[in-house]
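Heads up: the structure comes next, in structure tokens.
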Amino acid sequence: MTFASIVIQFLNGLAGASSLFLVAAGLSLIFGVTRIVNFAHGSFYMLGVYLAYSLVETFGRSYLGFWGGVLLAAALVGAIGAAVEILLLRRIYRAPELFQLLGTFGLVLVIKDVVLYFWGPEDLLGPRAPGLRGAVTVLGKSFPEYDIVLIACGPIVLALLWLLMARTRWGTLVRAATQDREMVGALGVNQAWLFTGVFALGSFLAGLGGAIQVPREPAQLFLDITVIADAFVVVVVGGMGSIPGAFLAAFIIGQIKAFCIGIGDVSVLGFGVSFSKLTLVVEFLVMAAVLVVRPWGLLGREQAQPRASGEAEAPLQPFGPSGRAVALAVLALLALLPLAADAYTLVLLIDVYTAALFAVSLHLLMGPGGVVSFGHAAYFGLGAYGAALLFKHLALPMEAALALSPVVAGAGALLFGWFCVRLSGVYLAMLTLAFAQIAWSVVYQWDSVTGGSNGMPGITRASWLAGSVAYYYLAFAITAAGIFALWRAVHAPFGYALRAGRDSPLRAEAIGIDVKRTQWLAFALAGAFAGVAGGVFVFAKGVADAQYLEIPKSVDGLVMILMGGVQTLLGPVVGAVTFTWLFDAIRRATEFYRSFFGLVILVLVLVFPAGIVGSLAALRSRGKASP
Amino acid sequence: MSAVLDVKGLAKAFGGVRAVQDVSFALGEGELLAIIGPNGAGKSTCFNMVGGQLRPDSGTIALAGRSLVGLKPRQIWRLGVGRTFQITATFASMTVRENVQMVLLSHRHRLAGLWTPARNLFRAEAEAALAQVGMGDQADRPCGVLAYGDIKRVELAVALAHGPRLLLMDEPTAGMAPKERVTLMALTKDIVRSSGISVLFTEHDMDVVFAHADRIVVLDRGRLIASGKPAEVRENPEVQRIYLGGAGTEAARRAGG
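So the sequences go chain by chain: A and B. Heads up, the first sequence is in this note's numbering, so the first residue is 791 and it goes up one at a time. Heads up, the second sequence is in this note's numbering, so the first residue is 176 and it goes up one at a time.
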């Protein structure tokens, strides 16, 4: 690269960093005060883009129309944020982290469908800003005028935020609440309105971050997830709750993105490597390096361990004789099913089985481990793609490729898990999500190996398994054996050590348990079993698809667990069955199935936090208590 | 008496605050040593350095001649140091018996097991340890529903289950009713006397300290100002002036008879 092109890439990086900073600052601000990681923050950004597009299209011919439109769009997003806080978040401030994250993810789904409904699925590129349509010349290269304004936006907003925080009474309250929420409440500050205000401001910043991108980038429906993954990386690198940290990290990440795109395609050791497509991988390496040196981010501070929320779960009960009898009866029934069922039902049941194994493997982390993973689909996908690649590129027999799927996924989980267990709580959850997004981007963009967005077709089964009945039995046997093995592990000393680390890390360490190592091994074990599910799934479908690794797939697993009940072992299985059946039915019925699921999630979080099995158990014990 | 625990020149600062400066003491086999002092004297800091939760800035800590500085809590535990916490730390989702079984599983390096149910392992041993603290009849109850005094007993069983040579107790009677305190300390003393374990404990309750400690170390603002037998410490004018004050000397006199 010449000096001039380096300068241009640097300026591009600064322009990209501004929006990233606005989004990340809003996310950080909201987390600092409310302790909620707002998954829907990327959706607020997306709303900002779409609203600004419509407003600017309507009024944007004049200066006032354009900038007024941008600000009005951001203000509308802020108002939507305030409404969301009042209607939804106020009810879940005291809920466990998982419920908060899932609740805001429910919003993601709803907002996506709202946008789809009003604006349609096409990409929309807004008009350019009046008076800033041209370009300036920097060292002989042209650079858009509008991007110079963007570069200025970041520092201006940082300065305004600093003034707001340092010089106003409201800012003082926000800083106080960030340090000690209970104390601010005890001093008689009306917390409800403080939280609403902070949420509105944070949402406004996300909306503004989106709105100012209108002349530069088209409004697209996948912006929500892309932006939230980037914002998570930025706040993890910068330090949760630190606005200067967000600024610094946005600068670093923005530069990395710009230079990766600037480097483009190069040849490394004979392999063509496209840096412009692997920006997320490079971001990951930077984030990993930062976390090894500073686990709380560049300018972050260690978060106080949140006090255990909610009641302790009941001790594990052994599977009694009646439980065994019921389990055997269900297994026998499922084994006899192919005699009566049609082909469609068998295919759907294979989906149910892989979903159940996926959910039970995730539950090992979530339940006994107390580790909230938002990226479990990564291991499902690694298993699926691992098997598919071994089958297609190395021409391994189908049976061998399937048998190796847990090895591939387990190895991936060992690598990602090593970083994840260094953190805890929401930090950890964000990191799992970022890793999954990275795995997804590699699969999605490495066309020559994984087929990219087209997927990998032709993942055919061995001839003895080609029939749907034969494959039904294989999937059935593997799932039953997998779930049984995972349940044994939960009841075995390993599962107890995992629960010990969740119940009281202090006590666990004081009786010789290496909590982090136990969690790390749990990552590998859960990842390996998710990989088995992915392997079975990919040979059932005959095609590997990048969707297997998407964030919504990870969230599906969480919703299954939540539906069934996180505090029971049977819950994930019941949840997986219910979810898969429901999903199949709804998906065939309506185009807007996502928002339906968003609403299901919100209902679960707000009304039935114990899930199906948990609620039934509570009903039963209530029945016993009253004569 | 050979020293089980030997602490020399211990120091720890938090920012500009010197929480502990140049503290030295030794603990013999089968001895009960109390660390006392007003709030902020550095008791818990000392304690957490011995337990491995904090790393000293300078000084040495040796368990039977082996240095503990820089070791993690779990490594110190493996060398034979059990501990209880000021705010009890137990596994709330497990039964009382399972809490003790965890210690035994960890001690015998059986935590990686993926097949045999944990509840069937070391059951009898765990029940014996619970019977020792009078919790044998509550072995099947979840730890999360116990009364506070009972949780303290479970913690004691947990701390003793792997047969430590040294027991660390940070405010063992904090949050308990006066009658319960006496019972718990009498129980501890019985167990310690019969097994020859050494005990290092901090305590606010002067009745408990003067009735049960073999020796007492007094800290004030991070420095060691006195140490010796209860009678010597009680007579020490500096201790009376700086720390005990009216109420303290009264309690000390009562306890000393």
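All C-beta atoms, glycine included, are put in the ideal place defined by N, C-alpha and C.
Between A/VAL1280 and the set B/PHE222, B/THR259, B/LEU286 and B/GLY226, the nearest pair of CA atoms involves B/LEU286.
One finds ALA264, THR265, PHE266 and ALA267 in chain B with Cβ atoms closer than 8 Å to the Cβ of A/SER1294, taken in chain order. In the three-state reduction of the DSSP assignment, B/GLY191 falls in the coil class.
Under DSSP, B/PHE200 shares a beta bridge with B/VAL182. Here the C-alpha atom of A/LEU1315 lies approximately 13 Å from the C-alpha atom of A/SER1195. By the rule that beta-carbons nearer than 9 Å mark a contact, A/GLY1159 does not touch chain B. Secondary structure at A/LYS1331: helix, using DSSP grouped into helix, strand and coil. The distance from the Cβ of A/PRO1005 to that of A/ALA919 is about 5 Å, consistent with a contact at the 8 Å cut-off. In the three-state reduction of the DSSP assignment, A/ILE882 falls in the coil class. The closest CA to that of B/MET224, considering only B/ALA264, B/LYS183, B/LEU207 and B/ARG328, is found on B/LYS183.
Annotation: the continuous beta strand (DSSP E) that includes B/MET344 extends over 341–345. Considering only A/VAL1367, A/ALA1001, A/ALA996 and A/ALA1193, the residue with the shortest C-alpha distance to A/VAL1150 is A/VAL1367. Using a Cβ-Cβ cut-off of 8 Å, A/HIS1281 is close to PRO292, ALA293 and ARG294 of chain B, given in chain order. A/PHE933 carries a strand assignment under DSSP once its states are collapsed to helix, strand and coil. With 16 or more other CB atoms across the displayed protein chains lying within 10 angstroms of its CB, B/GLU206 is buried. For the region 1296–1309 of chain A, the beta-carbon criterion of a distance under 7 Å to any beta-carbon of chain B is satisfied by LEU1296, ARG1297, GLU1299, ALA1300, ILE1301, GLY1302, ILE1303 and ASP1304. Taken through DSSP and simplified to helix, strand or coil, A/LEU977 comes out as coil. Within the region 880–968 of chain A, the complete alpha helix (DSSP H) runs of at least 4 residues fall at 887–909 and 935–957.
Note on geometry: alpha-carbon atoms of A/PHE1109 and A/LEU1184 lie some 43 Å from one another. Buried is the label assigned to B/SER281, since at least 16 other Cβ atoms lie within 10 Å of its Cβ. Annotated as distal: A/TRP1277 and A/LEU1348, with beta-carbon spacing of 9 Å or more.
With a minimum length of 4 residues, the unbroken runs of alpha helix (DSSP H) contained wholly in the region 343–423 of chain B fall at 353–370, 381–387 and 405–410. Following the DSSP letters along the chain, one finds B/SER233 inside the beta strand (DSSP E) bounded by residues 233–238.
Contact between the region 883–891 of chain A and the region 903–916 of chain A is absent, with fewer than three C-beta pairs closer than 8 Å.
By alpha-carbon distance to B/LEU305, the top candidate from B/VAL278, B/ALA352 and B/ARG283 is B/VAL278.
In the structure shown, the three-state DSSP call for B/ALA209 is strand. C-alpha of A/PHE1209 to C-alpha of A/PHE989: approximately 30 Å in a straight line. Burial of A/PHE1284 is indicated by the presence of at least 16 other C-beta atoms within 10 angstroms of its C-beta. Relative to A/GLU875, the option among A/SER844, A/TRP1254, A/ILE820 and A/GLU1103 whose CA is nearest is A/ILE820. Contact check between the region 1166–1184 of chain A and the region 1394–1413 of chain A: fewer than three CB pairs, one atom from each, fall below 8 Å, which does not count as touching.
If you draw a straight line from the Cα of A/VAL1395 to the Cα of B/ALA352, it comes to about 40 Å. Minimum Cα-Cα distance from A/ASN828 among the listed residues A/GLY859, A/PRO917 and A/GLY992 corresponds to A/GLY992. Within chain B, the C-beta atoms nearer than 7 Å to that of A/ARG1278 come from LEU289 and TRP290, in chain order. Beta-bridge partners of B/GLY257 (DSSP): B/LEU342.
Around B/PHE266, the same chain offers GLU273, ASN274, MET277 and CYS318 as residues with beta carbons nearer than 8 Å, after the five sequence neighbours per side are excluded. Residue nearest to A/PRO1362 within the set A/ALA1224, A/PHE1206, A/MET1220 and A/GLY1157 is A/GLY1157 (criterion: CA-CA distance).
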